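*Asks:*
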Amino acid sequence: MMREGRWSARLGLRGIPAVCESGPLARDLELIRYVAAEEDRQATVRAESDESQAPPLSPAGDSGRPLAHFQHLSVAQSVRLLREAKLEGLPVTAEVTPLHLLLTDERLCLFDQNLKVNPPLGSEQDREALVCALADGTIDCVATDHAPHAPQDKEVPLEEAAWGSTGLETAFAALYSGLVRSGVLALERLVDAMSSAPCRVLGLPSPRLEVGAPADFCVFDPQETWLVKVSSLRGKSRNCAFLGETFTGRMRMTVVDGSRRFMRARGEA
């Protein structure tokens, strides 16, 4: 139901051990080390022979994209493994969600089904490790892990509730309020982690504000204070882990390829 630890024991809930995430991550990184080493060996053989004039491929390929991308890191041990891998030069990237950057397993004492997410919320130590990793670039980008559910799938006992929370409408505001305004994370780093960095991971052109470039951008009001409630969200699902939270900063407009897809007037609920 939640991350195994002090709070799962206190609440009497079944816990998922951190090793369920860090173990497979360690295994995958070992496989990537093998593949990268094999690519290097084959490149050396090609370079030493005259049989092929084709330039050797790097482990990430000509595109520069990573050999592997790890989603939704949530525990400190995963951060340590990823940092070691990047220091070795392995072509890997990773992401984290706003929920794991801001909330911890202690919140499950409320038995709020909207806080039952996958991977589960971790400890404060896990949260701090994730924030540091995002700030220093060990974790490349932020993903919302937007997981809408129908009321009948969430408004049941915690053990039976579906996993996941919505996130598209609250992600930037939550991180701006919780990390940027507190001085923990630079605004420039947050913007990069939610715009250009995902493009780099996928090998796509980064968005640009210049003449002739595709008009893909959001307009954010850093001053508005608002309460997250069901009526303030446009999505059809209401399983938002941040319901009841007050944020400072709110999205006003979204433009995609020159077309306005979303607009919210100042003061609109």
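Residue numbers 859 to 1127, in the numbering used here, belong to the letters of the sequence shown in order. For every residue, glycine included, the Cβ atom is placed at its ideal position computed from N, Cα and C. No experiment lies behind these values; they were computed from the predicted model shown.
Does Q1010 pass the burial test, meaning 16 or more other C-beta atoms within 10 Å, or should it be called exposed?
*Replies:* Working through the sequence shown from its first residue, we reach residue 1010 at position 152. The residue is exposed, with fewer than 16 neighbouring Cβ atoms inside 10 Å.
*Asks:* Quick check on this structure: which residue in R861, A1099, L883 and G1116 has the alpha carbon closest to the alpha carbon of E1068?
*Replies:* Translated into positions along the sequence shown, residue 1068 becomes position 210. The option with the nearest alpha carbon to E1068 is G1116.
*Asks:* Mind checking A934: buried by the 16 CB within 10 Å criterion, or exposed?
*Replies:* Taking the sequence shown and counting its residues from 1, one reaches residue 934 at position 76. Residue burial is scored here from C-beta neighbours: A934 has at least 16 other C-beta atoms within 10 angstroms and is therefore classed as buried.
*Asks:* Touching or not, the region 949 to 963 and the region 978 to 988, by the rule of three or more beta carbon pairs under 8 Å?
*Replies:* yes
*Asks:* To which residues of the same chain is A1032 closer than 8 Å at the C-beta, ignoring the five residues directly before and after it?
*Replies:* As a working mapping, residue 1032 is identified with position 174 in the sequence shown. Same-chain partners within the cutoff: P956, L960, F1100, E1103 and F1105.
*Asks:* When we look at the beta-carbon of M1109 and count the other beta-carbons within 10 Å, is it buried (16 or more) or exposed?
*Replies:* Here residue 1109 refers to the residue found at position 251 when the sequence shown is read from its first residue. Buried is the call here.
*Asks:* How far does the alpha helix (DSSP H) with C990 in it extend, from its first residue to its last?
*Replies:* Against the sequence shown, residue 990 aligns to sequence position 132. From DSSP, the alpha helix (DSSP H) with C990 extends over E982 to D994.
*Asks:* Kindly indicate which three-state DSSP category R1039 falls into: helix, strand or coil?
*Replies:* Taking the sequence shown and counting its residues from 1, the one referred to as residue 1039 is at position 181. The answer is coil: DSSP assigns R1039 none of H, G, I, E or B.
*Asks:* Please classify M1121 as buried or exposed, where buried requires at least 16 other C-beta atoms within 10 Å of its C-beta.
*Replies:* Here residue 1121 corresponds to residue number 263 of the sequence shown, with the count starting at 1. By the neighbour-count rule (16 or more Cβ atoms within 10 Å), M1121 is not buried but exposed.
*Asks:* DSSP state of Q1081, grouped into three classes?
*Replies:* To locate residue 1081, count along the sequence shown from 1; it is residue 223. Q1081: strand per DSSP, three-state reduction.
*Asks:* Sort A1073, W1084 and S1040 by Cα distance to R1119 and report the nearest one.
*Replies:* Looking up residue 1119 in the sequence shown gives position 261. Ranking A1073, W1084 and S1040 by Cα distance to R1119 puts A1073 first.
*Asks:* Would you list, in sequence order, the uninterrupted beta strand (DSSP E) runs of no fewer than 3 residues that lie entirely inside the region 1037 to 1119?
*Replies:* 1075 to 1085 and 1104 to 1114
*Asks:* With burial defined as no fewer than 16 other Cβ atoms inside 10 Å of the residue's Cβ, what is the status of P917: buried or exposed?
*Replies:* Walking along the sequence shown from the start, residue 917 turns up at place 59. Bear in mind that the predicted position of P917 carries a pLDDT of just 45, short of 50, making it too unreliable to give a figure here.
*Asks:* Taking just the CA atoms, how far does D994 sit from L925?
*Replies:* The residue you call residue 925 lines up with position 67 of the sequence shown. The residue you call residue 994 lines up with position 136 of the sequence shown. The alpha-carbon atoms of L925 and D994 are separated by roughly 21 Å.
*Asks:* Opposite H1004 in the DSSP bridges: which residues?
*Replies:* By 1-based counting over the sequence shown, the position of residue 1004 is 146. Note: H1004 is bridge-paired with S1023 in the DSSP secondary-structure output.
*Asks:* Put A1123 into one of helix, strand or coil per three-state DSSP.
*Replies:* Reading the sequence shown from its first residue, position 265 is the one you call residue 1123. Correct three-state label for A1123: coil.
*Asks:* Taking 8 Å as the limit between beta carbons, can you name the residues of its chain near A1008, skipping five residues before and five after?
*Replies:* Stepping through the sequence shown from its first residue, residue 1008 is reached at position 150. Same-chain partners within the cutoff: S1095.
*Asks:* Would you grab the beta carbon distance between A1055 and D998 for me? Rounded to a whole angstrom, and I think it's under 8 Å.
*Replies:* On the sequence shown, residue 1055 is found 197 positions in, with the first residue counted as 1. On the sequence shown, residue 998 is found 140 positions in, with the first residue counted as 1. Indeed, because the Cβ distance is near 5 Å, the residues count as touching under 8 Å.
*Asks:* If A1019 sits next to Q971, beta carbons under 8 Å apart, how far is it from one beta carbon to the other, in whole angstroms?
*Replies:* Here residue 1019 refers to the residue found at position 161 of the sequence shown. Here residue 971 refers to the residue found at position 113 of the sequence shown. Yes, A1019 and Q971 are in contact; Cβ-Cβ is about 4 Å, under 8 Å.
*Asks:* Are the region 1025 to 1045 and the region 985 to 992 touching, with three or more C-beta to C-beta distances below 8 Å?
*Replies:* yes
*Asks:* By how many angstroms is the C-alpha of E906 removed from the C-alpha of E953?
*Replies:* On the sequence shown, residue 953 is found 95 positions in, with the first residue counted as 1. On the sequence shown, residue 906 is found 48 positions in, with the first residue counted as 1. So the two alpha carbons sit approximately 38 Å from each other.
*Asks:* E953 lies in the beta strand (DSSP E); which residues open and close that run?
*Replies:* As a first step, residue 953 must be located in the sequence shown, where it is residue number 95. E953 -> beta strand (DSSP E) spans V950 to V954.
*Asks:* Would you kindly work out how many angstroms separate the C-alpha atoms of R1092 and G1025, rounded to a whole number?
*Replies:* Along the sequence shown, read from residue 1 onward, the residue named residue 1092 stands at position 234. Along the sequence shown, read from residue 1 onward, the residue named residue 1025 stands at position 167. Going by the C-alpha atoms only, they are around 12 Å apart.
*Asks:* Could you tell me how far apart the beta carbons of T996 and L940 are, in whole angstroms, since I believe they sit closer than 8 Å?
*Replies:* Residue mapping note: residue 996 aligns to position 138 of the sequence shown, counting from 1. Residue mapping note: residue 940 aligns to position 82 of the sequence shown, counting from 1. Going by Cβ atoms, the distance from T996 to L940 rounds to 6 Å, so yes, they are a contact pair.
*Asks:* Comparing C-alpha positions only, which one of E1126, V1059, S932 and M859 sits nearest to S880?
*Replies:* Position 22 of the sequence shown, counted from the first residue, corresponds to residue 880. Ranking the options by Cα distance to S880, first place goes to S932.
*Asks:* Residue range of the beta strand (DSSP E) that A1159 falls in?
*Replies:* The shown model of the chain, from 859 to 1127, leaves out residue 1159, and the question about it has no answer.
*Asks:* Since V975 is in the alpha helix (DSSP H), which residue starts that stretch and which ends it?
*Replies:* Position 117 of the sequence shown, counted from the first residue, corresponds to residue 975. Looking at the DSSP string, V975 is not in any alpha helix (DSSP H), and its letter there is neither H nor E.
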